[in-house]
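Numbering (our numbering), first residue to last: 535 to 764. Everything below concerns the one structure shown next.
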């Protein structure tokens, strides 16, 4: 895969007008887009369908978690939407239900391990007994056993996760910041070069591109950095 196949631009913007502006500005340079809660609840699901129809790949970042039947029903409809990737929290029962529902489709199911905005103190406060690294590896093992298509984790854990899941599963890394960039609310971040070398297959970049004065220039700089690392 080239960098264009690996870079996912997060459309973390408040409305469709802003999203359309970003997609138009980036043009053919970008193949993959992520749509999460913010845009999904502002008409983003129909926009996701439209982008997929136009040949773009869509990573629907819904982080599903519910009873088995509800997860399965949601996945079945997301398959019909033509999405390329979908996230759910890496809980074994939820993952098993999703895998069964997506069987035979082209939807890549991604298990979210530990959010990149969380550190050890955050996990303790949430009642977990594991540190982030240990919990990520445990959930990676469970995702592999469940037959998931890939993992979402911090680039800090990419190398260790890759050893567990092998070469074929997708390893999607958010919290990517160009060298010297503002970390924002992220606590576990890496540069594009570091993430690629650590074993990440796809990088999710939002603010450094969509909030840049020239999004196309920012995207091309990251693509060039990724190509050099590859």
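From the three backbone atoms N, C-alpha and C, an ideal C-beta is built for every residue, glycine too. Note that the structure is a prediction, hence the values are computed from the model and not measured.
Query	Result
Could you spell out the range, first to last residue, of the beta strand (DSSP E) harbouring residue 706?	704-707
Could you give the residue range of the beta strand (DSSP E) that holds residue 621?	619-623
Can you list the alpha helix (DSSP H) stretches of 4 or more residues lying completely in the segment 581-624, in chain order?	602-614
Do residue 609 and residue 624 count as a contact pair if the criterion is CB distance below 9 Å?	no
Give me the residue from 648, 738 and 661 with the minimum Cα distance to residue 669.	648
Given a threshold of 16 other Cβ atoms within 10 Å of its Cβ, counted over all protein chains shown, does residue 764 qualify as buried or as exposed?	exposed
Of all the options 684, 600, 751 and 673, which has the alpha carbon lying nearest to the alpha carbon of residue 640?	684
Take residue 724 as the anchor and find which of 595, 587, 753 and 687 has the nearest alpha-carbon.	687
Determine the direct distance from the alpha carbon of residue 627 to that of residue 679, and round the result to whole angstroms.	11 Å
What are the boundary residues of the beta strand (DSSP E) that includes residue 542?	541-544
Please state the DSSP three-state secondary structure of residue 757.	helix
Which residues does DSSP pair with residue 566 in a beta bridge?	542 and 591
For residue 660, is the classification buried or exposed, using 16 other Cβ atoms within 10 angstroms of its Cβ as the cut-off for buried?	exposed
Among 561, 583 and 592, which one has its Cα closest to the Cα of residue 568?	592
Give the secondary structure of residue 737 by DSSP, where H, G and I count as helix, E and B as strand, and everything else as coil.	strand
Looking at residue 594: is its Cβ nearer than 9 Å to the Cβ of residue 617?	yes
Hey, out of 566, 565 and 582, whose CA is closest to residue 573's CA?	582
Mapping the DSSP letters down to three states, classify residue 684 as helix, strand or coil.	strand
Can you look up residue 657 in the DSSP assignment and give me helix, strand or coil?	helix
Looking only at its own chain, which residues have a Cβ that is under 7 Å from the Cβ of residue 728, when we skip the five neighbours before and after it?	689
In whole angstroms, give me the CA-to-CA distance for residue 671 and residue 646.	11 Å
Please state whether the Cβ-Cβ distance between residue 760 and residue 704 is less than 9 Å.	no
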